[in-house]
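According to full-length UniProt numbering, the sequence shown is numbered sequentially starting from 1.
Structure first, then comments.
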Amino acid sequence: MRTSTIVAASVGTAVTGFLAYAFYFDHKRRTDPEFRKALKRESKKQAKAQKEEAEAHTAREKETIKSVMKEANEEGYPANVEEKEAFFMNEVATGEARCQDGSDPIEAALCFYKALKVYPQPKDLINIYDKTVPKHILGILAEMIAADPEFKGESFFAGSDSGAGVE
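This is the structure we're talking about:
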């Protein structure tokens, strides 16, 4: 026998086996109520596991945000105008660079947050950020602002009525 004949026969057998299993599965799904219930239970179990994983990821991200904010606030911020200006320019440049390389969005948002803390008109800077910073990093920044007691009671984001605008 030639190699091409053996390969064709093997592929044909594999395809036939796959189709037979597909027909069996479809028949079983349509006719067996217990099988349908088991499929539905498994689907719900997977959806629940995905939801729990997403909630755990969100909780871990919030904890990370709180810890980096705490570290940044413990480091402190410059006091005089010249130092604030240099600090602001450095943090914005670092934040933009981290946005471009996409390595760590929390660190990029932290740079923008630090710049916001020393900027004399935070609302104006937020409007600039809203137009220039990627949305996922802006969301992290909004969580940082919402968690900062210094910004409580100020409305930064368009259309917000209370708090920092994002929870």
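We put the beta carbon where it would ideally sit given N, CA and C, even for glycine.
Keep in mind it's a predicted model, so treat the numbers as computed, not measured.
Could you check if residue i is buried or exposed, using at least 16 other CB atoms within 10 Å of its CB as the buried criterion?
i	result
residue 116	buried
residue 19	exposed
residue 7	exposed
residue 142	buried
residue 55	exposed
residue 25	exposed
residue 23	exposed
residue 161	Because residue 161 carries a pLDDT of 42, less than 50, the predicted location of this residue cannot be relied on, and no value is offered for it.
Can you tell me where the alpha helix (DSSP H) with residue i in it begins and where it stops?
i	result
residue 73	33 to 75
residue 151	Where residue 151 is concerned, there is no enclosing alpha helix (DSSP H), given that its DSSP letter is neither H nor E.
residue 98	81 to 101
residue 104	That residue, residue 104, is in no alpha helix (DSSP H); it is neither H nor E in DSSP.
residue 134	No alpha helix (DSSP H) holds residue 134; DSSP gives it neither H nor E.
On a CA-only basis, which of the options is nearest residue i? Give me that one, please.
i	options	result
residue 114	59, 67, 136 and 95	95
residue 112	149, 79, 81 and 72	72
residue 149	120, 46 and 66	66
residue 80	39, 32 and 120	120
Check whether the Cβ of residue i lies closer than 6 Å to any heavy atom of the ligand GDP, and answer yes or no.
i	result
residue 96	Because no ligand of any kind appears in the structure shown, any question about the ligand GDP cannot be addressed here.
Is it true that the CB of residue j sits closer than 7 Å to the CB of residue i?
i	j	result
residue 109	residue 137	yes
residue 118	residue 88	yes
residue 78	residue 70	no
residue 134	residue 99	yes
residue 140	residue 105	yes
I need the straight-line Cα distance from residue i to residue j, nearest angstrom please.
i	j	result
residue 144	residue 13	59 Å
residue 107	residue 28	52 Å
residue 43	residue 5	42 Å
residue 147	residue 46	33 Å
residue 59	residue 15	46 Å
residue 30	residue 130	52 Å
residue 97	residue 103	10 Å
residue 90	residue 41	54 Å
residue 36	residue 48	18 Å
residue 164	residue 126	The predicted position of residue 164 is uncertain, since its pLDDT is 42 and thus under 50; a value taken from the coordinates is nonetheless stated next. Rounded to the nearest angstrom, the two C-alpha atoms are 11 Å apart.
residue 124	residue 39	54 Å
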